[in-house]
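In the working numbering, the protein residues as written are 13 to 414.
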């Protein structure tokens with residue numbers, strides 16, 4: 013696997029709490045920031061208000077607090093690195109202003125939105141995070157601290173039912189990313205560069221979807237920075253699901269909505285309402301057992317020989333995960349599928365192959381032609397659908413040393 017997909021993005025649990033209007037964390041003043049962390053952050057006055065600005069490839073980030081920038085900038089930098097790897101170019105310049113979320117139905121707190129001086133022709137997006145400005149509110153400081161260190165791997169069971177308490181959270185992380193609007197704006201700019209046509213302000217600023225950009229591209233790009241632990245955890249949930257979207261539908265469908273109540277409860281039990289589009293079934297597990305040895309290493313063929321075999325480790329993972337598999341519905345299922353599929357394609361074909369598929373859809377070219385350029389995975393969608401499902405099982409077996 014490439015260096016890119018090994019990189020961890022510490023998307024904090026407070027983003028999930030923000031999504032459902034919760035807030036938690038420690039009170040009191042924030043710890044002092046190290047000088048090196050703020051060396052490239054500039055002070056800027058907007059009228060009578062003080063703001064802080066940092067710049068990087070594809071963005072100008074403005075916040076009321078240096079602490080917000082110290083927490084967010086590494087995430088934005090990693091996302092920009094992922095974009096460059098996928099499309100072989102730096103993302104177009106976007107201005108990004110930090111906004112602090114409040115509970116649903118309550119007015120924005122003073123200073124929630126960072127003022128910024130717009131630059132003509134440059135989209136302005138909002139990065140919404142939780143707590144008060146500067147990390148001194150209800151959640152900012154504690155959550156920023158948690159985001160800067162790896163998740164703990166305790167032995168107690170969390171809300172997701174996993175021994176380290178992360179199984180549900182890792183599925184929700186991508187859906188709750190504060191960078192979603194930024195990534196959407198970058199993708200819209202990419203489409204404009206390829207087609208030599210611009211779109212309306214709402215789409216170019218990531219407020220709404222650009223119709224030229226396939227919905228899966230947004231979630232795939234956000235997922236490209238996930239580490240192996242998160243990819244494996246989400247893959248376990250996908251293997252347990254009986255409703256994966258078939259790829260010929262997945263690549264062209266709109267992103268389904270996410271039920272906020274589902275996030276709040278960590279996955280509603282027995283709620284039903286699986287999207288009608290999700291009847292992908294459990295196909296693609298064949299070959300005498302899920303999770304067997306990967307074909308194509310010997311006489312399996314260059315175009316993705318079968319990965320089936322006699323192994324059953326993957327099936328055991330699926331059975332273990334099944335009690336919690338109902339957290340994957342609608343937008344959560346779509347997000348999870350995009351994350352793991354992008355890692356499958358990257359591992360087998362290289363990161364640029366993902367960009368080739370997205371570029372083809374942006375420019376209205378047949379997706380089948382882009383898939384046909386594959387050198388390792390099957391060169392048609394039907395066989396690719398089977399291949400990537402079995403790739404998940406093989407990956408989990410390999411992770412367990414099977």
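We put the CB at the ideal spot given by N, CA and C, even for glycine.
It should be emphasised that the depicted structure is a prediction, and the values quoted were computed from it without experimental measurement.
Which residues in the same chain as residue i place their Cβ atom closer than 6 Å to its Cβ, once the five residues preceding and following it in sequence are excluded?
{"i": "residue 221", "result": "none"}
{"i": "residue 49", "result": "82"}
{"i": "residue 346", "result": "267, 268"}
{"i": "residue 211", "result": "222"}
{"i": "residue 130", "result": "136"}
{"i": "residue 224", "result": "203, 374"}
{"i": "residue 134", "result": "105, 107"}
{"i": "residue 368", "result": "382"}
{"i": "residue 65", "result": "54, 56, 74"}
{"i": "residue 215", "result": "200, 222"}
{"i": "residue 356", "result": "400, 403"}
{"i": "residue 370", "result": "229"}
Does the Cβ of residue i have 16 or more other Cβ atoms within 10 Å, making it buried, or fewer, making it exposed?
{"i": "residue 199", "result": "buried"}
{"i": "residue 244", "result": "buried"}
{"i": "residue 142", "result": "buried"}
{"i": "residue 300", "result": "Below a pLDDT of 50, predicted positions are generally treated as unreliable, and residue 300, at 31, falls in that range; no measurement from the model is reported."}
{"i": "residue 80", "result": "buried"}
{"i": "residue 46", "result": "exposed"}
{"i": "residue 386", "result": "buried"}
{"i": "residue 264", "result": "exposed"}
{"i": "residue 103", "result": "buried"}
{"i": "residue 404", "result": "buried"}
{"i": "residue 189", "result": "buried"}
{"i": "residue 57", "result": "exposed"}
{"i": "residue 226", "result": "buried"}
{"i": "residue 209", "result": "exposed"}
{"i": "residue 162", "result": "Residue placement at residue 162 cannot be trusted, given a pLDDT of 33 that sits under 50; the coordinates are not used to answer."}
{"i": "residue 101", "result": "exposed"}
{"i": "residue 69", "result": "exposed"}
{"i": "residue 51", "result": "exposed"}
{"i": "residue 380", "result": "exposed"}
{"i": "residue 406", "result": "buried"}
{"i": "residue 213", "result": "exposed"}
{"i": "residue 44", "result": "exposed"}
{"i": "residue 97", "result": "buried"}
{"i": "residue 354", "result": "buried"}
Name the DSSP beta bridge partners of residue i, please?
{"i": "residue 55", "result": "64"}
{"i": "residue 106", "result": "71"}
Taking the alpha helix (DSSP H) that residue i belongs to, which residues open and close that run?
{"i": "residue 73", "result": "Looking at the DSSP string, residue 73 is not in any alpha helix (DSSP H); the run it does join, the beta strand (DSSP E), is 71 to 75."}
{"i": "residue 207", "result": "192 to 207"}
{"i": "residue 263", "result": "Where residue 263 is concerned, there is no enclosing alpha helix (DSSP H), given that its DSSP letter is neither H nor E."}
{"i": "residue 100", "result": "Counting along the chain, residue 100 falls outside any alpha helix (DSSP H), and DSSP gives it neither H nor E."}
{"i": "residue 47", "result": "47 to 50"}
{"i": "residue 410", "result": "393 to 411"}
{"i": "residue 371", "result": "363 to 374"}
{"i": "residue 235", "result": "227 to 235"}
{"i": "residue 340", "result": "No alpha helix (DSSP H) holds residue 340; DSSP gives it neither H nor E."}
{"i": "residue 210", "result": "First-last for residue 210: undefined, no H or E at that position."}
{"i": "residue 381", "result": "379 to 383"}
Between residue i and the rest of its own chain, which residues show a CB-CB distance below 8 Å, the 5 nearest in sequence each way excluded?
{"i": "residue 194", "result": "71, 88, 91, 106, 108, 137, 139, 218"}
{"i": "residue 192", "result": "218, 230, 234"}
{"i": "residue 207", "result": "224, 374, 375"}
{"i": "residue 85", "result": "66, 68, 73"}
{"i": "residue 378", "result": "372"}
{"i": "residue 128", "result": "58, 63, 74, 107, 109, 136"}
{"i": "residue 384", "result": "391, 392"}
Which residues in the same chain as residue i place their Cβ atom closer than 7 Å to its Cβ, once the five residues preceding and following it in sequence are excluded?
{"i": "residue 260", "result": "393"}
{"i": "residue 228", "result": "262, 263, 350"}
{"i": "residue 360", "result": "388, 389"}
{"i": "residue 411", "result": "244"}
{"i": "residue 197", "result": "106, 135, 137, 216, 217, 218"}
{"i": "residue 352", "result": "243, 246, 247, 250, 404"}
Practice task
State whether the region 92 to 106 contacts the region 48 to 65, with contact taken as three or more CB pairs (one from each stretch) at a distance under 8 Å.
Solution key: no
Practice task
Check whether the region 358 to 367 touches the region 238 to 256, counting contact only when three or more Cβ pairs, one atom from each stretch, lie closer than 8 Å.
Solution key: no
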